[in-house]
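Peer 1: Respectively, the protein sequence lines represent chains A and B.
Using UniProt numbering, the first residue of the first sequence is number 1, and each one after it goes up by one.
Using UniProt numbering, the first residue of the second sequence is number 1, and each one after it goes up by one.
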Amino acid sequence: MTAPLLSVKNLTIDYIGEEKDFRAVDNVSFDVAPGEVFGLAGESGCGKSTIAFAISRLHKPPALIRRESTILLNGRNVLDLDDKALRDFRWREVAMVFQSAMNSLNPVLRIEHQFYDVLKTHKGMSRPQARDRTAEMLKLVDIAPDRMRDYPHQFSGGMRQRIVIAICLALDPRLVVMDEPTTALDVVVQREILQRINELRRSLGFAVLFITHDLGLMVQFCDRIGIMLAGKLVEQNTAEAIYGSPQHDYTKQLWASFPSLHGGVLL
Amino acid sequence: MTVQQTPILALDRVTKTFGHGTGAVRAARSISFSLHAGRALALVGESGSGKTTCARMAMREYLPTEGEILFKGQPVEGTNAAEAAHYRRAVQMIFQDPFASLNPAHTIAYHLKRPLMLHRPDIKRSEIDATVRALLQQVKLDPDLVAPKYPHELSGGQRQRVNIARALAAKPEVIVADEPTSMLDVSVRLGVLNLLSEMKQEMKLGLLYITHDIATARYVAEDIAVMYSGQIVEWGNVGKVIDNPAHPYTKLLLSAVPDPDVRFDDPSVRLRPEDVEDIRRQSAMTQDRIVEVDSDHFVRAA
Ligand SMILES: Nc1ncnc2c1ncn2[C@@H]1O[C@H](COP(=O)(O)OP(=O)(O)OP(=O)(O)O)[C@@H](O)[C@H]1O
Ligand SMILES: Nc1ncnc2c1ncn2[C@@H]1O[C@H](COP(=O)(O)OP(=O)(O)OP(=O)(O)O)[C@@H](O)[C@H]1O
Ligand SMILES: [Mg+2]
Ligand SMILES: [Mg+2]
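1) Can you find a C-beta in chain B that's less than 9 angstroms from the C-beta of A:Val265?
2) Taking the DSSP output, what are the residues bridged to B:Leu35?
3) Could you tell me which whole beta strand (DSSP E) segments of length 3 or greater appear in the region 175-220 of chain A?
4) Which chain A residues are close to B:Arg189, counting only those with a beta carbon under 8 angstroms from its beta carbon?
5) Across which residues does DSSP place B:Ile232 in a beta bridge pair?
6) Please confirm whether any heavy atom of ligand 2 lies closer than 8 angstroms to the CB of B:Phe18.
7) With H, G and I counted as helix, E and B as strand and the rest as coil, what does DSSP make of B:Lys240?
8) Could you have a look at B:Gln74 and say whether DSSP puts it in helix, strand or coil?
9) Residues near ligand 3, CB to any non-hydrogen atom under 7 angstroms, in chain order?
10) Can you tell me the Cα-Cα spacing of B:Gly230 and A:Val37, whole angstroms?
11) Which one or two residues does DSSP pair with B:Gln92 in a beta bridge?
12) If the cut is a Cβ gap below 8 angstroms, which residues of chain A does B:Ser47 touch?
13) Identify whether B:Leu184 lies in helix, strand or coil by the three-state DSSP scheme.
14) A:Asn198 versus chain B: which residues are under 8 angstroms apart at the beta carbon?
15) When we look at the beta-carbon of B:Lys16 and count the other beta-carbons within 10 Å, is it buried (16 or more) or exposed?
16) Strictly under 9 angstroms for the Cβ-Cβ distance: is A:His213 near chain B by that measure?
17) Under a three-way DSSP split, which group does A:Ala241 fall into?
18) May I ask you to list the residues that DSSP assigns as paired with A:Ile16?
19) With 9 angstroms as the threshold, decide whether the Cβ of B:Ser268 is near any Cβ in chain A.
20) For A:Tyr16 and A:Gly45, I'd like the C-alpha separation in whole angstroms.
21) Give me the Cα-Cα distance between B:Tyr219 and A:Glu136, rounded to the nearest whole angstrom.
22) Please report the straight-line C-alpha distance between A:Lys20 and A:Arg66, rounded to a whole angstrom.
23) With a 10 Å radius around its C-beta and 16 neighbouring C-beta atoms as the bar for buried, classify A:Gln253 as buried or exposed.
24) Determine the direct distance from the alpha carbon of B:Val139 to that of A:Arg160, and round the result to whole angstroms.
25) With distance defined between alpha-carbon atoms, name the residue in A:Ala144, A:Ala166, A:Leu40, A:Val28 nearest to A:Phe210.
26) If B:Gly67 and B:Val14 are in contact, beta carbons under 8 angstroms, what's the gap, nearest whole angstrom?
27) Measuring straight from C-alpha to C-alpha, what distance separates A:Val189 and B:Ile279?
28) Between the beta-carbon of B:Leu208 and the beta-carbon of B:Ala177, is there less than 9 angstroms?
29) Can you find a C-beta in chain B that's less than 9 angstroms from the C-beta of A:Glu43?
30) List in chain order the residues whose CB is within less than 7 angstroms of at least one heavy atom of ligand 4.
31) If you compare alpha carbons, which of B:Leu252, B:Ser155, B:Leu205 is closest to B:Met183?
32) Am I right that B:Leu193 and B:Val226 are in contact with their C-beta atoms under 8 angstroms? What's the rounded C-beta distance?
33) Give a yes or no on whether 9 angstroms exceeds the smallest Cβ distance from B:Asp129 to chain A.
34) Specify whether the region 265-273 of chain B and the region 69-78 of chain B touch according to this definition: at least 3 beta carbon pairs, one from each stretch, less than 8 angstroms apart.
35) So who's on the other strand from B:Val291, going by DSSP bridges?
36) Is DSSP giving B:Thr65 helix, strand or coil here?
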C-alpha cells in the first residue's frame, strides 16, 4: 500500500459555548491515498464541513481542535503550520471548493485578473505567464480561453463554478476539498463538472475529499466513502461495499430514504 | 391529459421577459400548463430555465409579458378586489428555504394564527387555537410541543412542516412548492413529500412541484413538464416521460440523474462535452412544433 497523502487521526473538534461545549467531531480517523476520491456522507449537522475546514486550516473560533488530533498531509502535521508555512500550504497543497464558491468570484474583476491574483501571489508569475496558465486551466474545464476577458456575471452558475475549480487547480494542489460543490445546480451541469474532475484527477493525480448529501452521486464518484453520524465516523469502506453491502444500520437507513428513478417507490 | 374538468389554475401561452433591448432575458417563453384538483405537476429542468419565474407568475408576483393566467377558466388579469383576495387565499406557496421563511421573533402558533385571521373569516376567534392545533396535527407535529416554540428551536424538517401547515391554514386550492425539500436532510425529505402527496389527495389540492430531484418527481406527481431555456420541451404522464423520453434535453437530463449503478470511471457512460453543447444549442432554439409521442405524452421540436 502506498503512503497516504492525507492521514486524519483522532480528530476531535468542539465548538466552545458560553455554558457548555458542543462536540461536533468525535475522534475521527481516516486516510486518503494520492489520487483517491474519498467521500464524507451523513446528515446535516453531523460534522462534515467542520472536518473540511480543519483540513484546510480554515476553521475559526469557537471551533477548537482538541490536542490529541493530528492531520498529516504528506507526513507533516497541518495543525502545527505557522503563518508562513500556511500561506504555502493553502492553494499549493490543499484547495477548497464550497457550494457557494461560484458567488465568491469578484464581480468587478475580469476572470483573467482573478487568476493573475492567485498566480502572482503564490508563484510570482508575470502577466503573460499567468495568461498562458489561465488559458490552459480554462481549457481543462471546457471553457473557451478567449472568455478570460469576461466578467463573472457573463457566465452561468455552472460555468462560474467550473472557473472557481480551474482557479483552485491552477497551483497543482495535491488535495482538493469539495464541500457540496454542485448542490444548487441541475444534474446535467453537476455531472459535467464532476465527470471532468474525475478525468483531471486521473491525469493530474490530485486527491479529492468530496462532501455531499446525495449518496447515489457519492457512489458514482468516490473510491471510498466514510459515513458520519453525530460527529462520529460510523462506517468506512469502498464505494461498492457502502452501496452493495452496507454494514451499519444508519448506512442502510440512509439508502432506504432514496426514491429511485425507475424502480418505483422505496419504503 | 385524461382529466376533463376545468383546471383550477392554468398558464396559457405565458411569456416573461426581464429587461429590454440587447440585455433582455426571455425567462419564460410561451409556457402553458394546468393544475388540477388532486393532481401534482412536477416542473423540472435546467438551472435558470425559468421554473421559479413560472411559479412567481402563478403566484401573481410577476405579471406575464404576454399570455394569460386562468383561475377556474377565467383570466385573473383585471379581476376586482374581492376576486383578487380570493385568489391570494386559494393559491399558496411553500418556499425552498425553511429557515428564511419563518420570522425568528414569533412563535409557531403566531405563524399559523395570522393566515387564519387573514383568510378565514369563517373561523370564530374562540376556535382559532383549536384550529392551530388541528393544523399542526395534520402535518404530524405535536401541538403541545411545537406551538409555543420559536423557529430556531425546530429542525429543518419540522420547520418545513410548519410552512406546509401555514399554507394549509388559508384553505388553499393550489399549492406551489419551489424545491420544498432541497434544503432538508435525505432522511426527512420523503416524510415531507409524503405529507404533500397526502394533502394533495385528501384536500383535493392542485400541486405545482418544482425540483431538481427527478426521482422524487415521479414519487409525488402524476404529470411532469421539462424546461430548458425558458421553454417546456416535453410534458405528459410522469411515467411515460421518464421511461420513454423523446426530447434530446430530457434524455440528457435523465441520463445525468445520479445512479449508484453507474460509475464515472466507466467510459461507456461518459457524457461527451461536444454532444452536450450540441443538445444545448438545439434545445435553445424556438421549439414551436408539437409532436404527440403517445397518449398524454408530448414533445416540442424546432
Ligand atoms: N460556529 C459554530 N458554533 C457552534 N456550533 C456550530 C458552529 N458551526 C457548526 N456548529 C455545529 O456543529 C455541528 C456540525 O456542523 P457542520 O457544519 O460541520 O455540519 P455538516 O455535516 O457540514 O452539515 P450540513 O450537511 O448541514 O452542511 C452542527 O451541529 C452545528 O450546529
Ligand atoms: N427578477 C429578475 N430579473 C432579471 N432576470 C431574472 C429575474 N428573475 C429571474 N431572472 C432570469 O430569468 C432566468 C430564469 O430564472 P429562474 O429563477 O426562473 O430559473 P429556475 O429554473 O428557477 O432556476 P434554478 O433551477 O436555478 O432555481 C434566469 O436567466 C434568471 O437569471
Ligand atoms: Mg456542511
Ligand atoms: Mg428556481
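Note that beta-carbon positions come from the ideal geometry of N, C-alpha and C, so glycine has one too.
Peer 2: The structure says:
1) The predicted position of A:Val265 is uncertain, since its pLDDT is 46 and thus under 50; a value taken from the coordinates is nonetheless stated next. Closer than 9 angstroms to some Cβ of chain B, the Cβ of A:Val265 qualifies, so yes.
2) Paired residues: B:Leu9.
3) Taken in chain order, the whole beta strand (DSSP E) runs of length 3 or more contained in the region 175-220 of chain A are 175-179, 207-211.
4) Ser257
5) Answer is B:Met227.
6) yes
7) In this structure, B:Lys240 counts as helix in the three-state DSSP scheme.
8) strand
9) A:Lys48, A:Ser49, A:Asp179, A:Glu180, A:Ile211
10) Here the C-alpha atom of B:Gly230 lies approximately 36 angstroms from the C-alpha atom of A:Val37.
11) Paired residues: B:Ile175.
12) Ser156, Gly157, Gly158, Ala184, Leu185, Asp186, Val189
13) coil
14) Neighbours of A:Asn198 on chain B, chain order: Phe264, Asp265.
15) buried
16) yes
17) It is helical.
18) Its beta-bridge partners do not exist; DSSP assigns none.
19) For B:Ser268, the answer is no, since every Cβ of chain A falls outside 9 angstroms of its Cβ.
20) Residue identity check: residue 16 of chain A is Ile in the sequence provided, not Tyr. Looking at the two C-alpha atoms, the distance is approximately 16 angstroms.
21) 44 angstroms
22) Near 15 angstroms, if we compare the C-alpha coordinates of A:Arg66 and A:Lys20.
23) exposed
24) 39 angstroms
25) A:Leu40
26) 4 angstroms
27) 13 angstroms
28) yes
29) Yes, A:Glu43 lies at the interface with chain B (some Cβ there is under 9 angstroms from its Cβ).
30) Ordered along the chain, the selected set is B:Lys51, B:Thr52, B:Asp178, B:Glu179, B:Ile210.
31) B:Ser155
32) Not really, about 19 angstroms apart at Cβ, beyond 8 angstroms.
33) no
34) no
35) BP columns for B:Val291 point to B:Val299.
36) coil
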